[in-house]
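Engineer: Below is the structure I would like to discuss, written out as structure tokens.
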Amino acid sequence: MDGDSNRRGFARASWANVLGNAVKIVVEGAAGLAFGSVALIADAAHSVADLVASVVVLVWGRTAFDGPDDSHPHGHERIEPLTAIFVGAVIALLGLLLLSESAQGLLDPDPPAARLLLFGALAFAIADMYLVYRYTEYVNADIGSTALTALAVDCLNDIYTSIAALVGVAGVFFGAPILDPLAGALVSVLVISQGVSIGRENLDYLVGAAATPTQRAQIADTLRAHPDVEGVHDLTVYYDGTVLEVEVHVEVDGNMPFREAHDIESALVDDLRDLEDVGDAHVHLDPSGIGEWKDQPDRWHANGT
1 MDGDSNRRGF ARASWANVLG NAVKIVVEGA AGLAFGSVAL IADAAHSVAD LVASVVVLVW
61 GRTAFDGPDD SHPHGHERIE PLTAIFVGAV IALLGLLLLS ESAQGLLDPD PPAARLLLFG
121 ALAFAIADMY LVYRYTEYVN ADIGSTALTA LAVDCLNDIY TSIAALVGVA GVFFGAPILD
181 PLAGALVSVL VISQGVSIGR ENLDYLVGAA ATPTQRAQIA DTLRAHPDVE GVHDLTVYYD
241 GTVLEVEVHV EVDGNMPFRE AHDIESALVD DLRDLEDVGD AHVHLDPSGI GEWKDQPDRW
301 HANGT
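Under full-length UniProt numbering, the first residue of the sequence shown is numbered 1, with each subsequent residue one higher.
Below, the structure written as structure tokens:
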């Protein structure tokens, strides 16, 4: 998909999350207030924060698809992990609030009235969030947005919290209301864990964490595969937003014509940019054979040694 298609897909998935959360809030909030279900009201309140996160992603996250400009010469890719960190923080905070509510429910039980409409509202909420989750995942399969990934995880968290509320309502019907806060406590731990995981992953993207050894080796192998490359050294690979930035020195025959050297450099840059995780590459050509880099520990020769 090209940039405009990605932007449109991102907007559609973000709008799906906004509308899905809004509908869930109305249905669960109305049922919870009507029948005095703390579980449904809490689940609806959970979705209020999810709605805010979805709006932030919708408004802010699309900036990641803007190209380089005078104020951002390397593009806006870091906006995306920043929005994902926000969503992860919201998820973790909601998990803590849910854990607090669950603890309060264990200490001071206040079960709702047993009404079948409570099951209907929760079943609707689960189906609503599942459809939004599937659509977000479907769109993101082509985009690979970390912000949309965070929203998809949040949809799953909504499903889990609704299932916990469903267990609690079932406990009321079958004379075991303690199931509500117990299920809520278990789900809250999962929600907190997922929020922290999203935050940590996207923080690495934001601060320019280094690539994995496997990614570095793939990049070095790609460079060495060119028939005119005699050595590779000073390879630096790090995240610039959600894509990798490559800086490297490549050794070639120092006696070749300048135009030929330029064409080799351009070909190497194109080869690196064709790799799945690489966003941009900067290749510096050095004359081989002068021995200046022989003691560099992070150096690859064309023959693999």
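We put the beta carbon where it would ideally sit given N, CA and C, even for glycine.
(1) Let's test the definition: count the other Cβ atoms within 10 Å of the Cβ of residue 28 and tell me whether it reaches 16, buried, or not, exposed.
(2) How would you call residue 4, buried or exposed, if buried means at least 16 neighbouring beta carbons within 10 angstroms?
(3) In whole angstroms, what separates the C-alpha of residue 130 from that of residue 17?
(4) Does the beta carbon of residue 161 sit closer than 8 Å to a beta carbon anywhere in chain C?
(5) According to DSSP, simplified to helix, strand and coil, what is residue 230?
(6) Between which two residues does the beta strand (DSSP E) carrying residue 280 extend?
(7) Pairing CB atoms from the region 80-97 with CB atoms from the region 201-214, are three or more of them under 8 Å?
(8) What would DSSP say about residue 210, mapped onto helix, strand or coil?
(9) Just reading off the alpha helix (DSSP H) that residue 151 is part of, what are its end residues?
(10) In the DSSP assignment, the alpha helix (DSSP H) including residue 122 goes from what residue to what residue?
(11) Pick helix, strand or coil for residue 240, following the three-state DSSP scheme.
(12) Between the alpha carbons of residue 231 and residue 224, how many angstroms are there, rounded?
(13) Could you give the distance in angstroms between the alpha-carbon of residue 185 and the alpha-carbon of residue 100?
(14) Going by CA-CA distance only, name the one from 255, 202, 167, 45 that's closest to residue 240.
(15) If we count Cβ pairs, one from each stretch, closer than 8 Å, do we get three or more for the region 281-288 versus the region 247-254?
(16) Kindly identify the DSSP beta-bridge partner or partners of residue 251.
(17) Can you say whether residue 282 is buried or exposed, counting buried as having 16 or more other CB atoms within 10 angstroms of its CB?
(18) Quick test of your reading: residue 188 and residue 98, contact by CB under 8 Å. State the CB separation rounded to the nearest angstrom.
(19) Of all the beta strand (DSSP E) runs that stay within the bounds of the region 8-60, which reach a length of 3 or more residues?
(20) Starting from residue 225, trace the alpha helix (DSSP H) both ways and give me its first and last residue.
(21) Just tell me which of 247, 174, 276, 228 has its CA closest to the CA of residue 264.
Structural biologist: From the atom records:
(1) buried
(2) exposed
(3) Straight-line measurement puts the Cα of residue 17 at about 11 Å from the Cα of residue 130.
(4) The structure shown contains no chain C; it is built from a single protein chain.
(5) Here DSSP, grouped into helix, strand and coil, assigns residue 230 to coil.
(6) 278-287
(7) yes
(8) In the structure shown, residue 210 adopts extended strand secondary structure according to DSSP, grouped into three states.
(9) In this chain, the alpha helix (DSSP H) harbouring residue 151 covers 146-173.
(10) It spans 116-143 - the alpha helix (DSSP H) in which residue 122 sits, taken as one unbroken run.
(11) strand
(12) Whole-angstrom Cα-Cα distance: 7 Å.
(13) 8 Å
(14) 202
(15) yes
(16) 231, 286
(17) exposed
(18) Approximately 4 Å separates the beta-carbon atoms of residue 188 and residue 98; this is inside 8 Å, confirming the contact.
(19) Runs of the beta strand (DSSP E) lying entirely within the region 8-60, each at least 3 residues long, are absent.
(20) Unbroken run through residue 225: none, as it is neither H nor E.
(21) 228 is the residue among 247, 174, 276, 228 whose C-alpha sits nearest the C-alpha of residue 264.
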